[in-house]
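In the order they appear, the protein sequences are chains G and A. With the numbering used here applied, the first sequence covers 1 to 112. With the numbering used here applied, the second sequence covers 113 to 226. Glycine included, every Cβ here is placed at the ideal spot set by N, Cα and C. The structure displayed is predicted, hence computed values, not measured ones. Have a look at the structure below, then the notes.
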Amino acid sequence: GNSVTQMEGPVTLSEEAFLTINCTYTATGYPSLFWYVQYPGEGLQLLLKATKADDKGSNKGFEATYRKETTSFHLEKGSVQVSDSAVYFCALSDYNDYKLSFGAGTTVTVRA
Amino acid sequence: DTAVSQTPKYLVTQMGNDKSIKCEQNLGHDTMYWYKQDSKKFLKIMFSYNNKELIINETVPNRFSPKSPDKAHLNLHINSLELGDSAVYFCASSQERDSLYEQYFGPGTRLTVT
């Protein structure tokens with residue numbers, strides 16, 4: 001079956017620090033990959049996506065590249081802000097499975 | 113102008129009670145979902161409906177029953193509530209079954225069973 005493994009948190013950073021959240025996946029088919037973000041007290045929002053190998057998704061200064069050879073989709077941001085404090089979820093969808101499979105989520109706290 | 117709305121936002125109830133959570137989307141989407149998020153933020157799909165037809169039914173106790181009166185609404189009814197049902201429940205929707213990845217989430221309903 002499909003599964004997503006992402007680095008455990010919590011992660012605490014200072015403003016303007018570099019953020020990386022690792023994500024690897026296992027899929028039976030050819031999945032699409034996503035990062036969702038959940039701000040405190042809110043639902044999940046799609047942050048970025050990539051649908052084929054070597055695609056780079058980007059949004060709000062965040063980037064992730066679909067690496068088929070390493071089955072990874074690591075999230076990066078070069079300079080975080082306090083407003084980036086949230087829980088980040090890596091996810092995949094596979095048309096054979098007809099659903100999103102989420103990683104366990106990584107809580108990120110950015111301090112001023 | 114809320115895209116996916118849920119009511120109530122908070123629900124506190126006692127063990128053994130029956131309760132419902134309502135979800136509505138005004139995006140014109142064909143597919144709706146219910147997710148459960150536990151205290152460690154782990155998110156798991158429970159059900160999915162496409163045009164009022166049940167397409168995903170994960171291993172969920174029979175006490176949970178989804179109902180979709182039309183494709184804009186997906187309600188979740190829970191019978192005989194247990195302590196372990198305490199969680200945040202999220203409703204979501206997407207345009208059509210094959211574009212399920214672009215899901216739009218509601219704000220969540222925090223259920224506390226005492």
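*Quick one: using the 10 Å Cβ neighbour count with 16 as the cut-off for buried, is Lys-77(G) buried or exposed?*
As a working note, residue 77(G) is residue 77 in the first sequence. Flag for Lys-77(G) reads buried.
Below-7 Å beta-carbon distance, Pro-173(A) vs any chain G residue:
Sequence index remark: in the second sequence, residue 173(A) carries index 61 (1-based). It does not: the Cβ of Pro-173(A) has no partner Cβ on chain G nearer than 7 Å.
Minimum Cβ-Cβ distance from Pro-178(A) to chain G less than 7 Å: Along the second sequence, read from residue 1 onward, the residue named residue 178(A) stands at position 66. Chain G contact via Cβ: absent.
**OP:** State yes or no: is the C-beta of Leu-62(A) within less than 7 Å of the C-beta of Met-127(A)?
**Re:** Residue 62(A) is absent from the model: chain A starts at 113 and stops at 226.
- Task: Taking Glu-63(G) as part of the beta strand (DSSP E), name the residues at either end of that continuous run.
- Result: Within the first sequence, numbered from 1, the residue matching residue 63(G) stands at position 63. 62-65 is the extent of the beta strand (DSSP E) around Glu-63(G).
When DSSP labels each residue in this structure, what does Gly-57(G) get in the three-state scheme?
Translated into positions along the first sequence, residue 57(G) becomes position 57. Three-state result, Gly-57(G): strand.
By DSSP's criteria, Asn-169(A) is part of a beta bridge. Which residues make up the other side? One-based indexing of the second sequence puts residue 169(A) at position 57. Answer is Phe-159(A).
Task: Where the stretch 79-97 of chain G meets chain A: residues whose CB sits under 7 Å from a CB there - done: Val-87, Phe-89, Ser-93, Tyr-95
### Message
Just verifying my parser: in three-state terms, what is the DSSP assignment at Asp-130(A)?
### Response
Position 18 of the second sequence, counted from the start, is the residue given in the question as residue 130(A). Coil.
- Message: Please identify the residue among Ala-104(G), Val-82(G), Gln-81(G), Thr-109(G) whose C-alpha is closest to the C-alpha of Leu-92(G).
- Response: Taking the first sequence and counting its residues from 1, the one referred to as residue 92(G) is at position 92. Nearest C-alpha to Leu-92(G): Ala-104(G).
**Asked** Touching or not, the stretch 27-38 of chain G and the stretch 80-94 of chain G, by the rule of three or more beta carbon pairs under 8 Å?
**Response** yes
Return the Cβ separation of Gln-118(A) and Pro-219(A) in integer angstroms, given the expectation that the two are a contact with Cβ distance under 8 Å. Residue 118(A) sits at position 6 when you count from the first residue of the second sequence. Residue 219(A) sits at position 107 when you count from the first residue of the second sequence. Going by Cβ atoms, the distance from Gln-118(A) to Pro-219(A) rounds to 6 Å, so yes, they are a contact pair.
Taking any Cβ of chain G, which residues in the stretch 139-161 of chain A have a Cβ under 9 Å from it, in chain order?
-> Tyr-145, Tyr-147, Gln-149, Lys-152, Lys-153, Phe-154, Leu-155, Lys-156, Ile-157, Ser-160
Return the chain-ordered list of same chain residues with a C-beta closer than 7 Å to the C-beta of Ala-27(G), the five sequence neighbours on each side being excluded. On the first sequence, position 27 is the one that residue 27(G) refers to. Cβ neighbours of Ala-27(G) beyond the five flanking positions: Asn-2, Leu-92, Asp-94.
| request: Please report the residue range of the beta strand (DSSP E) in which Thr-24(G) lies. | output: Here residue 24(G) corresponds to residue number 24 of the first sequence, with the count starting at 1. Segment 23-26, the beta strand (DSSP E) holding Thr-24(G).
**Q.** Same chain only: Cβ atoms within 8 Å of Lys-56(G), ignoring 5 sequence neighbours per side
**A.** Locating residue 56(G) in the first sequence gives position 56, counting from the first residue. So the qualifying residues of the chain are Ala-50, Glu-63, Ala-64, Thr-65, Tyr-66.
Review point. What is the residue span of the beta strand (DSSP E) that Arg-111(G) lies within?
Key: Within the first sequence, numbered from 1, the residue matching residue 111(G) stands at position 111. That run of the beta strand (DSSP E) goes 106-111.
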